[in-house]
Amino acid sequence: MPRRLYSTRPMSYTRLCRRLSSSSTTTSSSSPSWCPHAAFATATERVRAGTLSPEHVHHLFDKLLRQATPVPERSLNGFLAALAHAPDSSACKDGPALVLAIFNRVSREEAGLRVATPAICTYCILMDCCCRARRRDLGLAFFGRLVRTGLKTNQIAANNLLKCLCHAKRTDEAVSVLLHRMSDLGCAPNCILYNTVLKSLCEDSRSQQALDLLQMMAKEGGVCSPSLVKYNTVIHGFFKEGQVSKACNLYHEMMSKGLCLMW
Numbered sequence: 001m002p003r004r005l006y007s008t009r010p011m012s013y014t015r016l017c018r019r020l021s022s023s024s025t026t027t028s029s030s031s032p033s034w035c036p037h038a039a040f041a042t043a044t045e046r047v048r049a050g051t052l053s054p055e056h057v058h059h060l061f062d063k064l065l066r067q068a069t070p071v072p073e074r075s076l077n078g079f080l081a082a083l084a085h086a087p088d089s090s091a092c093k094d095g096p097a098l099v100l101a102i103f104n105r106v107s108r109e110e111a112g113l114r115v116a117t118p119a120i121c122t123y124c125i126l127m128d129c130c131c132r133a134r135r136r137d138l139g140l141a142f143f144g145r146l147v148r149t150g151l152k153t154n155q156i157a158a159n160n161l162l163k164c165l166c167h168a169k170r171t172d173e174a175v176s177v178l179l180h181r182m183s184d185l186g187c188a189p190n191c192i193l194y195n196t197v198l199k200s201l202c203e204d205s206r207s208q209q210a211l212d213l214l215q216m217m218a219k220e221g222g223v224c225s226p227s228l229v230k231y232n233t234v235i236h237g238f239f240k241e242g243q244v245s246k247a248c249n250l251y252h253e254m255m256s257k258g259l260c261l262m263w
C-alpha cells in the first residue's frame, strides 16, 4: 500500500518549531556557522525563482531537525507562504502539496512532544494549501483545530473556511456560516467573504441565489454594500446560464447606481 502523503491530524505551528529546535543532542553534526534565517531567505528566493526542488526542501528540513538554534517564526512562515503560492516549475510541480507533506513528515517525527498553542498565521497558510491542493477535508480539519484552540479567527482564516466549503460543494453551509456564524467565530463578514460565496453560487449555476444575496447586501448597506466586482460576478453568472434578461436587468440596476461594468 502506498504511503499517505497527508496526515489527517493537523499539527500546530509551535509544535513544529519545538520539534525543529529540540534536537540538541545532535547539534555537533551541524555546522556552527549555519544560520536558519539565512537558509530560509535563500530557499525563499529559490522558490520564487522556480529552482527549489522537493529534494532541496527536505534537505533543508533535515538540517533544521539536527540543529538546536531556535527556528525564526517569521522566516519559516515566509518560506511556507512563498512555497504555497509558487507557480508550477520544472523544479517543483506542486508547492501546496509539498507544504502539507513537510508538516506530515514533521508530525510523524515529533510524537510525544507537548501540544502548544498554534499560530493563526500558520493555520491560514495550511488552509490555503489545502484549498490549492484540493484537500478541502483537511482544510476543514485545520479550521476545527483552530477553533478548539480558542484563537480568534481572522478574515483570512474565515475566507479559507468558506473556500473549503464551497470547493467541497457545501455552498449552502458556506452561506449559513457567512450570514449567521461570523460573530460566533469572532470576526465580521467583509466584502471578500461575500464575494467568495457569490462566486461559488454562480459557478454552481445558482445565480438567482447569488442575486438574492446581493440584494440583501444592498438592503443592509454598510461596509459590505454591493460593489462593481460583485455585480460583475452575478451578471456573468446569469449570462453563463443563458438568462440574458436577468443579466440585462441587473446591468441596468448597476448602472443606475453609478457603477460601470468591466468586461
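Going letter by letter, the sequence shown gives residues 1 to 263 in full-length UniProt numbering. Glycine is no exception: its CB is placed at the ideal position from the N, C-alpha and C atoms. These figures come from a predicted structure and were not determined experimentally.
Item                                                                                                                         : Value
Chain-order list of residues whose beta-carbon lies under 7 Å from that of Cys92 (same chain, five-residue window excluded)  : Leu52, Ser53, Pro54, Ala86 and Leu98
Cβ-based neighbour list, Lys246, same chain, cut-off 8 Å, excluding 5 preceding and 5 following                              : Ser207, Gln208, Leu211 and Phe238
Cβ-Cβ distance between Met216 and Ser225 below 9 Å                                                                           : no
Closest residue to Asp172 among Cys121, Lys199, Leu250 and Ala188 (Cα-Cα distance)                                           : Lys199
Chain-order list of residues whose beta-carbon lies under 7 Å from that of Val234 (same chain, five-residue window excluded) : Leu198, Cys202, Ser207, Ala210, Leu211, Leu214 and Leu250
N-terminal and C-terminal residue of the alpha helix (DSSP H) that residue 270 is part of                                    : Because residue 270 is not part of the residues shown, which for the chain are 1 to 263, the question remains open.
Same chain only: Cβ atoms within 8 Å of Gly50, ignoring 5 sequence neighbours per side                                       : Ala86, Pro87, Ser89, Ser90, Ala91 and Cys92
Where Glu241 falls: helix, strand or coil (DSSP)                                                                             : coil
Buried versus exposed call for Asp184 [16 or more other C-beta atoms within 10 Å across all chains shown]                    : exposed
Among Lys240, Gln155, Ser227 and Glu241, the one whose alpha carbon lies nearest that of Glu253                              : Ser227
Residue range of the alpha helix (DSSP H) that includes Leu60                                                                : Pro54 to Arg66
Same chain, Cβ closer than 6 Å to Leu161, neighbours up to 5 away in sequence not counted                                    : Phe143
Assigned exposure category for Leu179 - 16 Cβ within 10 Å defines buried                                                     : exposed
Own chain, CB closer than 7 Å to Arg136, minus 5 neighbours either side, in chain order                                      : Cys130, Cys164, His167 and Ala168
Under 9 Å between C-beta atoms of Ile125 and Ala84                                                                           : yes
Where Arg134 falls, given that 16 or more other Cβ within 10 Å makes a residue buried                                        : exposed
Boundaries (first-last residue) of the alpha helix (DSSP H) holding Asn160                                                   : Gln155 to His167
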